[in-house]
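Engineer:
2 protein chains.
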Amino acid sequence: MNLSWIREYKPQWLAEDLRIAIFATLILIPQALAYAALAGLPPYFGLYASMLPLVVYALFGSSPVLSVGPVAIISLMTASALGPLALDSSQYIQAAALLTLISGVILLLFAALRLGALANLLSQPVISGFISGAAVLIIISQLQALLGVQASNKNALMMLYEIISKLSLLQPLTAGLGLGSLLILLLGKLYVADLLRHLGMQAKTALLISRSLPMLLVIISGALVFGFQWQNTVAVIGKVPQGLPTISFTGDIVKIAPQLLLPALFIALIGFVQSIAIARVAATKQRQTVNPNKELMGLGSANLSSALVGGIPVFGSFARTAITMEGGSNSPVANFITAIIVAFILLWGSSLLTYLPISVLAATIIMAVFNLIDTATLRKTWQHNRSDALALIVTFIAVLVADIEIGIITGMGLSLFSVIWRASYPYIAILGRIPGTTHYRNVLHYNTENQSDTLLLRIDENLFFGNAQVIEQRIQQEWREKQPLKHLVLVMSSVSHIDSTALDMLEKLNADISEQGGFLHLAELKNIIRTPLKDSKLMHDLSGKIFLTTADADEYLHS
Amino acid sequence: MNLSWIREYKPQWLAEDLRIAIFATLILIPQALAYAALAGLPPYFGLYASMLPLVVYALFGSSPVLSVGPVAIISLMTASALGPLALDSSQYIQAAALLTLISGVILLLFAALRLGALANLLSQPVISGFISGAAVLIIISQLQALLGVQASNKNALMMLYEIISKLSLLQPLTAGLGLGSLLILLLGKLYVADLLRHLGMQAKTALLISRSLPMLLVIISGALVFGFQWQNTVAVIGKVPQGLPTISFTGDIVKIAPQLLLPALFIALIGFVQSIAIARVAATKQRQTVNPNKELMGLGSANLSSALVGGIPVFGSFARTAITMEGGSNSPVANFITAIIVAFILLWGSSLLTYLPISVLAATIIMAVFNLIDTATLRKTWQHNRSDALALIVTFIAVLVADIEIGIITGMGLSLFSVIWRASYPYIAILGRIPGTTHYRNVLHYNTENQSDTLLLRIDENLFFGNAQVIEQRIQQEWREKQPLKHLVLVMSSVSHIDSTALDMLEKLNADISEQGGFLHLAELKNIIRTPLKDSKLMHDLSGKIFLTTADADEYLHS
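Respectively, the protein sequence lines represent chains S and W. For the first sequence, my numbering begins at 7 and goes up steadily by one. For the second sequence, my numbering begins at 7 and goes up steadily by one.
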């Protein structure tokens, strides 16, 4: 448990932490409501997931400032996991809690198995493509609530087409509130902070106030609905039960647990990857490092605590963490205060939420996730690495035209496959000596000189099952083409691993070369491969010698 | 099309090819019958799959001697794909042909996409574990036919348990024929070839005759059944329709095509991996190389031709290819003659097959696949590479306790994951100069000397998303611990690729180091990474320099 911050905490920090907590709450509440709605639950369930997890994460997680709660993409994944199960609303609530519970258990299991390196299973371009795709998906799904149009299609592109073709059926008041809010949020984002600064306000405070605009909008629109009694025309949150729900799982919900396993795994994986990325940004600013296994612990416990009160899956939110970070604090106190404020609202202020219109929440979601659409990474990757850029685009398209789970599988598949594929076709350089030196370089790129009876080959990749065959064929081909030859020297400076398939290949190559009267030598063996090779058949039968450097080999063989 | 052998073929080879073809047929017929039964089809369907594919493969494939037809493991996979679909026997026959058709199309698609490197997707130990597991699975499944005991369990271990518990219910005559055949085959394998050699026969002929034992047994047992009219007590092949079937697909079978896609993909993949391994053994003996894409073409066409006559999926058979190879021939003529003999049997000799007892076929299967259980690879791998050995064992167990498809997925997952995992934790060596030389080596393994303001780090792995984070943390840690430092030199001799995630990391590292007043230098950059790096932000902003060698860097920085 992380309690070291208690000793370091100074009482005079409390005022600043309180100020941060209030602003954080103003951002948190509309997001929590909106993301619960996005997940397919009554909006106030977002508040349930916004108290305990904040506290529990701070105690077990790796980053003191990470703000854990409902996040957009995970809520979308929740909806996509539970949507097709055809549940009634009470079952849906239970199933969401069960999904959260299973995600939490998976995260704790990963932590126990010390699988923190899972965070590195997805490449940056694939993550970027995935998040951009999910953001577009969210925006399309929110158009229904924003405009008051019902769509029956589940596929994003079909849904977009349906919404456009039904535009004439939109509910004017709902659409007015929604589009009005969107416009205000857009103008606010562009101008409010500048305006306030011009009016003489401190830049930091101006920024915080401009970020509270969604909350302000939610309150004003709620007051409008209440004042004009629009609640029968416009969809609103409705009656919020006081206090916390007690969650229990009925038998028919427990039975669907196996169907939730895979979605929960994806939620755990994507949530973890996103959260640790945010925690790393925070840690870099404080010149600290993040411990991935501890991060898994913190996120796992946070999700268990969310499931306990019927909440949705919770992970690190970038927008809310930014607020805590900008305050300059390095303790979780601001997050604790935020959790307490949310609890107060739930206990005594829940009737205030009743009249909040859903379309305004949709506007705040759309505005929030619009920032997630990441074209900068695409542009940059396209310039420097076409295959990475292609992986980004394919993942983006897979999320949009298939669905979010297919998108993840595609992205992971592309990430892993590209690594294997690349390693399967290693570069093999023929080396020669740069005249007058003891340096050996690629004959294609440098003026070199060579002994005619010796072939020097440098293999630029670890040797494993994926490339053993290809490497053998390349070596055999060079050996045949450059005849007459007496010595083959494999320069192993780039080889850090040889698996058993590749070891078999080298043994076979050695036998083959010596059958033809040649000698196979190895040079520049690293110690990490020297040790496992020691007792192998290859070392025992090697027709040639082992040399420390390529120069040593060349010298010894020709002196 | 491969027709070059026609020009090279000498008429005097024909006698030898005829001799080989006769022996090959004697081995082929019991295997073809038995493997079709294993696939869940009437045994004579194995003969349908044994003519055209032999010829078609020879025309389009990459190995002139590969004997293509029914093979044990693929037949097991066919049964495992079609078994759960609850089809009647006429539907089952159509579905098998459809599965063969889809496998063929997938193989041709791979060929068109030039995906021959798919053959390297599985590591040697994983293939060994998979084949051993499948062999045990086949033996267990054949115990029913061997003993005349019916089992209802589909899971191999449960089935074994059920068969043992029902041993008292065995059909004595069936079991007698089966176990008797097994005993004779075992003794034959151990002693017959030696015996014949002792009697003065040529070693090669003795071996071929000892291998015809299964056919001899099948004929004798058929004669016994016919003579004593046992066909109502003992399960026999039964009436074989004369000639070839014409296959057509009814609508209800076409509808299950999507369900056959994944099994067909696995059959294509495993069949290809096995066939190319056999083709490579053959090619090595002839000092030739195998073209994987051409191999895909040949196998794909062979499967299409098998589907055409209602046959099962066909791939290279090791046992039958060995016969052709031992004959010393390098033309497909022996295979052509074999196909013609089989056609004659089907046209005019099919009534000879009617009385062959199934239990004797089961005995020949068990004997044939027993050789596939490969403990040698396990022993060898266990000695040199524990993680490879573990992958072998896990794959073996997955095939046995789950099923054959789970086994493949597990094996492929383990193969790929182990590569990524290993690359995710690269070795990073601190280098120092071996005194009096310009050689730089790992300070842990050599006596070296260092400049106190310079840190030389060699990264022993390509830089990619999977290890960028880990590498950055290691570098930052060394940089902090070894302070005060002025220069950080990354020695890139082992780096053949930098992806965009890793490039981002290096840019960040460069900014970080120079913010602290340090300089980041790169040494021993290979040309293959120099080119893509050229226009990058890293090269533009690099605080230090790029050096050809580590020695150059050390000299320049301290002169």
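Beta carbons are placed, not taken as given, at the ideal position from N, Cα and C, and that holds for glycine. Everything numeric in this text was worked out from a predicted model, so none of it was measured.
May I ask you to report which of helix, strand or coil DSSP gives I80 (chain S)?
Structural biologist: In this structure, I80 (chain S) counts as helix in the three-state DSSP scheme.
Engineer: Please check the pair I465 (chain S) and L496 (chain S), which I expect to be a contact at CB under 8 Å, by giving their CB distance rounded to whole angstroms.
Structural biologist: That pair is a contact at about 6 Å.
Engineer: Per DSSP, what are the beta-bridge partners of L526 (chain S) in this structure?
Structural biologist: Answer is S:L494, bridged to L526 (chain S).
Engineer: Less than 8 Å between the CB atoms is what I'm expecting for F324 (chain S) and I284 (chain S), so what's the real figure, rounded?
Structural biologist: Sure, about 5 Å apart at Cβ, within 8 Å.
Engineer: What's the gap between the Cα of L32 (chain W) and the Cα of V405 (chain W)?
Structural biologist: Cα to Cα, the separation comes out at about 31 Å.
Engineer: Where in the segment 12-46 of chain S do unbroken runs of the alpha helix (DSSP H), each at least 4 residues long, occur, reported from the N-terminal end onward?
Structural biologist: Listed in chain order, the complete alpha helix (DSSP H) runs (minimum 4 residues) inside the segment 12-46 of chain S are 20-44.
Engineer: By the DSSP assignment, the beta strand (DSSP E) with G438 (chain W) in it spans what residues?
Structural biologist: First-last of the beta strand (DSSP E) with G438 (chain W): 434-439.
Engineer: Run through chain W and tell me which residues come within less than 9 Å of T416 (chain S), C-beta to C-beta.
Structural biologist: Ordered by position in chain W, no residue passes the 9 Å Cβ test against T416 (chain S), which lies about 15 Å from the chain.
Engineer: Please classify K386 (chain S): is it buried, with 16 or more other beta-carbons within 10 angstroms of its beta-carbon, or exposed?
Structural biologist: Counting Cβ neighbours within 10 Å, K386 (chain S) comes out buried, since at least 16 surround it.
Engineer: Give the residues from the segment 451-465 of chain S that approach chain C closer than 8 Å (Cβ to any Cβ), ordered along the chain.
Structural biologist: You won't find chain C in this structure, because its protein chains are S and W.
Engineer: L53 (chain S) and I243 (chain S) - do their beta-carbons sit closer together than 8 Å?
Structural biologist: No, these two residues do not count as a Cβ contact at 8 Å.
Engineer: Taking 8 Å as the CB-CB limit, is D380 (chain W) close to chain S?
Structural biologist: With 8 Å as the cut-off, D380 (chain W) does not count as an interface residue toward chain S.
Engineer: Shortest alpha-carbon distance to S171 (chain S) belongs to which of S:L191, S:Q97, S:L189, S:L149?
Structural biologist: Closest option to S171 (chain S), Cα to Cα, is S:L149.
Engineer: Note down the Cα distance separating L271 (chain W) from D541 (chain W), rounded to an integer number of angstroms.
Structural biologist: Between L271 (chain W) and D541 (chain W), the C-alpha separation is close to 42 Å.
Engineer: Would you mind stating whether A87 (chain S) and P269 (chain S) have Cβ atoms separated by less than 8 Å?
Structural biologist: It is a contact, given that the beta carbons lie within the stated cut-off.
Engineer: Contact criterion: CB-CB distance below 8 Å. Does Y433 (chain W) meet it with respect to chain S?
Structural biologist: Y433 (chain W) counts as touching chain S.
Engineer: My output table needs one value for Y431 (chain S): the three-state DSSP class, helix, strand or coil.
Structural biologist: Coil.
Engineer: What are the start and end residues of the beta strand (DSSP E) that includes N448 (chain S)?
Structural biologist: Per DSSP, N448 (chain S) belongs to the beta strand (DSSP E) from 446-448.
Engineer: Can you list, in chain order, the residues of its chain whose CB lies under 6 Å from that of S129 (chain S), leaving out five sequence neighbours each side?
Structural biologist: Excluding sequence neighbours, S129 (chain S) sits near S421.
Engineer: Residue ranges of each beta strand (DSSP E) run of no fewer than 3 residues wholly in the segment 109-136 of chain W, ordered along the chain?
Structural biologist: For the segment 109-136 of chain W, not a single whole beta strand (DSSP E) run of length 3 or above is found.
Engineer: Mind checking who I504 (chain S) pairs with in its DSSP beta bridge?
Structural biologist: Answer is S:L469.
Engineer: Between the segment 396-415 of chain S and the segment 102-114 of chain S, can you find at least three pairs of beta-carbon atoms closer than 8 Å?
Structural biologist: In short, these stretches do not touch, since the Cβ pair count stays below three.
Engineer: Would D558 (chain W) pass as a contact of E513 (chain W) if the rule is Cβ separation under 8 Å?
Structural biologist: No; because the gap between Cβ atoms is not below 8 Å, this pair is not in contact.
Engineer: Alpha carbons only, please: which of W:A209, W:G206, W:S312 is nearest the one belonging to I253 (chain W)?
Structural biologist: Closest option to I253 (chain W), Cα to Cα, is W:S312.
Engineer: Do the segment 220-236 of chain W and the segment 54-69 of chain W make contact, defined as three or more Cβ pairs closer than 8 Å?
Structural biologist: No: fewer than three Cβ pairs fall under 8 Å.
Engineer: For N516 (chain W), decide whether its Cβ has a neighbour in chain S, counting only Cβ atoms nearer than 8 Å.
Structural biologist: So no, N516 (chain W) is outside the interface.
Engineer: Answer with yes or no whether the minimum CB distance from G472 (chain S) to chain W is below 8 Å.
Structural biologist: For G472 (chain S), the answer is yes, since a Cβ of chain W falls inside 8 Å of its Cβ.
Engineer: In the DSSP assignment, the alpha helix (DSSP H) including H390 (chain S) goes from what residue to what residue?
Structural biologist: Unbroken alpha helix (DSSP H) run through H390 (chain S): 381-390.
Engineer: Do three or more CB pairs link the segment 336-354 of chain W to the segment 68-77 of chain W at distances below 8 Å?
Structural biologist: With a cut-off of 8 Å, the segment 68-77 of chain W and the segment 336-354 of chain W count as touching, because enough Cβ pairs lie within range.
Engineer: By a C-beta neighbour count over all protein chains shown, 10 Å radius and 16 as the cutoff for buried, is L153 (chain W) buried or exposed?
Structural biologist: By the neighbour-count rule (16 or more Cβ atoms within 10 Å), L153 (chain W) is buried.
Engineer: Got a sec: is the Cβ-Cβ distance from K532 (chain S) to anything in chain W below 8 Å?
Structural biologist: Chain W, which has a Cβ nearer than 8 Å to the Cβ of K532 (chain S), makes this yes.
Engineer: Kindly give me the distance between the Cβ atoms of A429 (chain S) and N468 (chain S), rounded to whole angstroms, as I take these residues to be in contact under 8 Å.
Structural biologist: That pair is a contact at about 7 Å.
Engineer: Just verifying my parser: in three-state terms, what is the DSSP assignment at I552 (chain W)?
Structural biologist: Strand at I552 (chain W).
Engineer: Starting from V425 (chain S), find everything on chain W with Cβ-Cβ shorter than 8 Å and list it in chain order.
Structural biologist: Chain W residues near V425 (chain S): V425, I426, A429, F470, G472.
Engineer: How would you call V260 (chain S), buried or exposed, if buried means at least 16 neighbouring beta carbons within 10 angstroms?
Structural biologist: Burial call: exposed.
Engineer: For G249 (chain S), which option in S:Q479, S:A474, S:A55, S:L491 has the closest C-alpha, if you only look at C-alpha atoms?
Structural biologist: Ranking S:Q479, S:A474, S:A55, S:L491 by Cα distance to G249 (chain S) puts S:A55 first.
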